[in-house]
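Right, here's the structure in full:
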């Protein structure tokens, strides 16, 4: 496994920050990890979540990390691909991420109300939006 790069060293390794569909089709060899690089704090902040919800978030992350991406993507009780555009305007796709890149929602709690949304590149899930009250897709 390659040593992760951080800071300027990591940024120097990225020639083109634009992601398209070809970039997300990598061979999966590792379990899912979560990355906050594209996280939109203006959509919803972790500080809006209460302690119980944050514990559920942590447990969901632990659970997600046990899956390979392709297995997680077909586990409907935990993860589903977006079928439509978000219903609320605050859920904005990050600049540089092509409209061809599929987004997924991961269910944080048993009631399926709290969710996180993002996309996969290889085995990395880029968390983009927090969705405490299931407002991105509410039915």
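In this note's numbering, the protein residues as written are 93 to 231.
Think of the CB as a built atom: it goes at the ideal place given N, C-alpha and C, for glycine as much as any other residue.
Inset, instruction - Could you please give the first and the last residue of the uninterrupted alpha helix (DSSP H) stretch that includes residue 149? - result: Residue 149 -> alpha helix (DSSP H) spans 143-156.
Inset, instruction - Express the C-alpha separation of residue 192 and residue 141 in angstroms, rounding to a whole number. - result: In this structure, the alpha-carbon of residue 141 lies about 31 angstroms from that of residue 192.
Legend entry - Closest by C-alpha distance to residue 144, when choosing among 166, 218, 188, 202: Residue 202 is the option with its Cα nearest to residue 144.
Legend entry - Cβ-based burial, residue 125 [other Cβ within 10 Å; buried from 16]: Burial is judged here by how many other beta carbons sit within 10 angstroms of a residue's own beta carbon; residue 125 has fewer than 16 and is exposed.
Inset, instruction - Spatial neighbours of residue 164 within its chain, please: CB distance less than 7 angstroms, with the 5 preceding and 5 following residues excluded, ordered by chain position. - result: Leaving aside the five residues that flank residue 164 on each side, the residues in its chain whose CB is nearer than 7 angstroms to its CB run, in chain order, 124, 156, 170, 171.
Legend entry - Secondary structure of residue 199, DSSP reduced to three states: Residue 199: strand per DSSP, three-state reduction.
Inset, instruction - Buried or exposed for residue 228, please, with buried defined as at least 16 other CB atoms from any protein chain shown within 10 angstroms of its CB. - result: For residue 228, the number of other beta carbons within 10 angstroms of its own is at least 16, and it is reported as buried.
Legend entry - Nearest to residue 189 (by Cα), restricted to the options 226, 219, 150, 139: Checked all of 226, 219, 150, 139; the closest Cα to residue 189 is 219.
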